[in-house]
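Residue numbering for the sequence shown follows the numbering used here, starting at 3 and increasing by one per position. Ideal Cβ positions, reconstructed from N, Cα and C, are used throughout, including at glycine.
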Amino acid sequence: MLSMVVSDASAIAPLTRAESQRRINVAASRAMDQMWLFHSIDLEALKPHDLRYSLLDYVRAGEGPTNPPMPADVSNTERQQPFSSLFQQRVFNRLVDRGYYVVPSMTVNNRVIDLVVTGSDARMAVECDGDSFRTTGEQARSDMERERELRRCGWDFWRVRESEFELDPDRALDGLWEVLDRRGVKPGSITASSTDASTASDHGWEPIDLRAGE
């Protein structure tokens, strides 16, 4: 149970310092199962660059239905949005054919996850490592750091390489079905017809980077 420790936002300067970032990170990361945030002011009373704004917005973003609509009629041969490659589209279609609810290019903590497979009790990130992808050492380190952050938040990742998929799609995805089942992500537990896009979260939450300086 965590308190924001503020009752009058107009009388207190926004929390932006590195010391405040560490304090909030420590407080929020101690929860092993749940975190309950108590607050006496609304989000609108806080400055957007206040760390308390980011924390409260994060908690509120988890309220209610949050499954975006799933794309329909995804092509295996022609690129389309929001996918970044045909490879992702082909993996997406394999998952959908098995009855999974899949959301492509989901932004979580300022990081785009290729595919998010969602069940009624759990979800998992699937990363499609394309052979044409190139990155600098700094970009690779940043990508791994963000993945570690998401893992600490409870996300599981499964990766598939494009070369392996092109050689033998069935074999390349064999391990994925077992991992999804073990994770508790079941096919058919969420369907496109049962997800109302009008109730999905649409406020486009993008938290400030708690590791950044002032």
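*Would a C-beta distance cut-off of 8 Å place ARG125 and PRO189 closer than the cut-off?*
Taking the first residue of the sequence shown as position 1, residue 125 is located at position 123. Taking the first residue of the sequence shown as position 1, residue 189 is located at position 187. No, Cβ-Cβ distance for ARG125 and PRO189 is not below 8 Å.
*Are CYS130 and ASP145 close, meaning C-beta to C-beta below 8 Å?*
For the purposes of this step, residue 130 is taken as residue 128 along the sequence shown, with counting starting at 1. For the purposes of this step, residue 145 is taken as residue 143 along the sequence shown, with counting starting at 1. No. Outside cutoff.
*The beta strand (DSSP E) enclosing LEU117, as first and last residue numbers*: Locating residue 117 in the sequence shown gives position 115, where the first residue counts as 1. LEU117 -> beta strand (DSSP E) spans 113-120.
*Between ASN112, ALA29, VAL8 and ASP52, which lies nearest to PRO16 when the distance is taken from Cα to Cα?*
Taking the first residue of the sequence shown as 1, we reach residue 16 at position 14. Residue ASP52 is the option with its Cα nearest to PRO16.
*With burial defined as no fewer than 16 other Cβ atoms inside 10 Å of the residue's Cβ, what is the status of PRO67: buried or exposed?*
The sequence position of residue 67 within the sequence shown is 65, counting from 1. Residue placement at PRO67 is poorly supported in this model, since its pLDDT is 49, which falls under 50; the coordinates are not used for a value here.
*Is the Cβ-Cβ distance between TRP160 and VAL118 less than 8 Å?*
Locating residue 160 in the sequence shown gives position 158, where the first residue counts as 1. Locating residue 118 in the sequence shown gives position 116, where the first residue counts as 1. Going by C-beta atoms, TRP160 is not nearer than 8 Å to VAL118.
*For ALA20, which three-state DSSP category applies?*
The sequence position of residue 20 within the sequence shown is 18, counting from 1. Annotated three-state conformation of ALA20 is helix, per DSSP.
*ARG125 by DSSP, collapsed to three states: which one?*
Mapped onto the sequence shown, residue 125 falls at position 123. Reduced to three states, the DSSP call for ARG125 is strand.
*Do the stretch 72-84 and the stretch 159-174 make contact, defined as three or more Cβ pairs closer than 8 Å?*
No, because fewer than three Cβ pairs between the stretch 72-84 and the stretch 159-174 fall closer than 8 Å, the two stretches do not touch.
*Just list the alpha helix (DSSP H) runs in the stretch 127-191, keeping only unbroken ones of 4 residues or longer that don't cross its boundaries, in chain order.*
Every alpha helix (DSSP H) stretch that sits fully inside the stretch 127-191 and reaches 4 residues is listed by chain position as 139-154, 164-169 and 171-185.
*Does the beta-carbon of VAL28 have 16 or more other beta-carbons within 10 angstroms, so that it is buried, or is it exposed?*
Taking the sequence shown and counting its residues from 1, the one referred to as residue 28 is at position 26. The Cβ neighbour count for VAL28, taken over all protein chains shown within 10 Å, is under 16; the residue is labelled exposed.
_Just list the residues that DSSP pairs VAL104 with in beta bridges._
Residue 104 sits at position 102 when you count from the first residue of the sequence shown. VAL104 is bridged to VAL119.
*Can you tell which of ASP59, ASP123 and THR109 has its C-alpha closest to the C-alpha of ARG148?*
The residue labelled residue 148 in the question sits at position 146 within the sequence shown. The shortest C-alpha separation from ARG148 is found at THR109.
*asked:* Taking the beta carbon of VAL7 as the centre, do at least 16 other beta carbons fall within 10 Å, making it buried, or is it exposed?
replied: Start at 1 with the first residue of the sequence shown, and residue 7 comes out as number 5. It is exposed - the Cβ of VAL7 has fewer than 16 other Cβ atoms within 10 Å.
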